[in-house]
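> Input: one structure, supplied below.
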Amino acid sequence: MAKCAKCAKQPARRECAALGERICPLCCARLRMLVLACPERCPYLQDARRTTGERRMGQLLAHLMAQGQGGLVDVLTRMSPLLAFLERAIVEVQRQRFHDLTDDEVLAGLENAIRTYETLERGIIYEHRSESPRVHAVTESLLKALERVEKDLAERGARIRASEALACLRVLAESVRAVREEREAQAYLRVAALFQPYPKSESRLIVVPE
37 MAKCAKCAKQ
47 PARRECAALG
57 ERICPLCCAR
67 LRMLVLACPE
77 RCPYLQDARR
87 TTGERRMGQL
97 LAHLMAQGQG
107 GLVDVLTRMS
117 PLLAFLERAI
127 VEVQRQRFHD
137 LTDDEVLAGL
147 ENAIRTYETL
157 ERGIIYEHRS
167 ESPRVHAVTE
177 SLLKALERVE
187 KDLAERGARI
197 RASEALACLR
207 VLAESVRAVR
217 EEREAQAYLR
227 VAALFQPYPK
237 SESRLIVVPE
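Just so we're aligned, residue 37 is where the sequence shown starts under my numbering, counting upward by one.
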């Protein structure tokens with residue numbers, strides 16, 4: 037059997053629609069939606085979403101309860117569209133700016149966004165920033181995403197409360213903590229990216245510098 041088109045080590049058991057070549061199951065799982073812009077029709081992507089989605093929700097619920105954050109459980113269902121939109125803002129930083137972005141940097145960016153909204157709840161407008169351009173990119177992407185939501189709602193005569201935005205940011209921070217692993221720098225990002233489709237024009241290989 038031919039070797040994987042990516043690692044050139046393992047048997048190439050899967051046809052990769054993003055590459056147009058065959059790859060091994062390990063590279064398929066490791067690279068999908070982070071390095072490879074998998075098309076929505078990919079059966080391996082669809083299977084991964086089904087199995088990972090169920091496991092992810094159970095893991096997050098257990099984590100929230102264990103951390104005494106049961107009050108955030110309601111946010112998962114009530115604010116799910118906003119959570120998905122904000123998670124996309126995080127994933128776009130990894131896809132478009134820093135391909136090797138880590139979960140720790142994502143968490144630090146989320147924590148700065150949380151502090152910014154905590155300050156806003158006290159009536160003070162102040163953006164908490166990081167000296168790290170990578171961490172700041174995450175914070176900036178999240179805050180800009182929330183600004184877009186606020187603008188869109190305002191045009192329709194509605195609004196999002198700072199407390200609601202803050203709750204969503206806290207859920208996302210706990211989502212990172214729930215899956216973060218010492219041995220895997222992108223455990224959260226790998227899961228988050230799985231549920232964020234690429235635009236059809238981008239459904240191709242994303243070349244990541246080695």
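The C-beta atom is built at its ideal place from N, Cα and C for all residues, glycine as well.
Out of Val71, Ile59 and Ala38, state which residue places its alpha-carbon closest to the alpha-carbon of glutamine 232.
Mapped onto the sequence shown, residue 232 falls at position 196. Looking at the Cα atoms, Val71 is the closest of the given residues.
> Run through DSSP, which three-state label would leucine 81 get?
The count along the sequence shown starts at 1 and reaches residue 81 at position 45. In the structure shown, leucine 81 sits in a helix (DSSP, three-state: H, G or I).
> Going by Cα to Cα distance, which pick from Glu157, Glu167, Ile161 and Pro61 is closest to serine 199?
Reading the sequence shown from its first residue, position 163 is the one you call residue 199. It is Glu157.
> What's the call for arginine 206, buried or exposed, on a 16-neighbour Cβ count within 10 Å?
If you number the sequence shown from 1, residue 206 lands on position 170. Under this definition arginine 206 is a buried residue.
> When the distance is taken between beta carbons, is glutamate 210 closer than 9 Å to glutamine 105?
To locate residue 105, count along the sequence shown from 1; it is residue 69. To locate residue 210, count along the sequence shown from 1; it is residue 174. Yes, the pair counts as a contact, with Cβ atoms nearer than the cut-off.
> Under a three-way DSSP split, which group does valine 243 fall into?
By one-based count along the sequence shown, residue 243 stands at place 207. Low local confidence applies: a pLDDT of 37 at valine 243 is under 50, so the model's placement there is unreliable, with the coordinate-based value given in what follows. Here valine 243 sits in coil by DSSP.
> So for cysteine 52, helix, strand or coil by DSSP?
To locate residue 52, count along the sequence shown from 1; it is residue 16. If DSSP states are grouped into helix, strand and coil, cysteine 52 belongs with the strands.
> Quick one, are the C-beta atoms of methionine 101 and valine 109 less than 9 Å apart?
Locating residue 101 in the sequence shown gives position 65, counting from the first residue. Locating residue 109 in the sequence shown gives position 73, counting from the first residue. Yes, these two residues count as a Cβ contact at 9 Å.
> To the nearest angstrom, report how far apart cysteine 74 and leucine 97 are at their CA atoms.
Looking up residue 74 in the sequence shown gives position 38. Looking up residue 97 in the sequence shown gives position 61. C-alpha separation (whole angstroms): 28 Å.
> Isoleucine 126: buried (16+ other C-beta within 10 angstroms of its C-beta) or exposed?
Along the sequence shown, one-based indexing puts residue 126 at 90. Per the 10 Å Cβ criterion, buried.
> Contact criterion: CB-CB distance below 9 Å. Does proline 75 meet it with respect to chain C?
No chain C is present in this structure, which holds just one protein chain.
> So, are the CB atoms of alanine 185 and phenylalanine 121 less than 9 Å apart?
Within the sequence shown, numbered from 1, the residue matching residue 185 stands at position 149. Within the sequence shown, numbered from 1, the residue matching residue 121 stands at position 85. It should be noted that the sequence gives valine, not alanine, for residue 185. The answer is yes: Cβ separation under 9 Å.
> For alanine 149 and threonine 175, what's the separation of their Cα atoms in angstroms?
On the sequence shown, residue 149 is found 113 positions in, with the first residue counted as 1. On the sequence shown, residue 175 is found 139 positions in, with the first residue counted as 1. About 5 Å.
> Comparing alpha-carbon positions, which option in Tyr80, Asp136, Arg77 and Arg192 lies nearest alanine 223?
Here the question's residue 223 lines up with position 187 in the sequence shown. Taking only the C-alpha atoms, the option nearest alanine 223 is Asp136.
> State the DSSP-derived secondary structure class of leucine 137, mapped to helix, strand or coil.
Walking along the sequence shown from the start, residue 137 turns up at place 101. Of the three classes helix, strand and coil, the one that applies to leucine 137 here is coil, per DSSP.
> Considering only the beta carbon of each residue, do alanine 201 and leucine 182 sit closer than 9 Å?
On the sequence shown, residue 201 is found 165 positions in, with the first residue counted as 1. On the sequence shown, residue 182 is found 146 positions in, with the first residue counted as 1. A contact, by the Cβ cut-off of 9 Å.
> Is leucine 70 helix, strand or coil by DSSP?
As a position in the sequence shown, residue 70 is number 34, starting the count at 1. Here leucine 70 sits in coil by DSSP.
> Between Ala44, Tyr80 and Met69, which lies nearest to glutamate 51 when the distance is taken from Cα to Cα?
Position 15 of the sequence shown, counted from the start, is the residue given in the question as residue 51. Looking at the Cα atoms, Tyr80 is the closest of the given residues.
> Nearest by alpha-carbon distance to valine 111: which of Leu208, Val227 and Pro235 is it?
For this step, residue 111 is matched to residue 75 along the sequence shown. Comparing Cα-Cα distances from valine 111 to each of Leu208, Val227 and Pro235, the minimum goes to Leu208.
> Taking the CB atoms as reference points, tell me whether arginine 68 and cysteine 78 lie closer together than 9 Å.
Within the sequence shown, numbered from 1, the residue matching residue 68 stands at position 32. Within the sequence shown, numbered from 1, the residue matching residue 78 stands at position 42. Yes; because the gap between Cβ atoms is below 9 Å, this pair is in contact.
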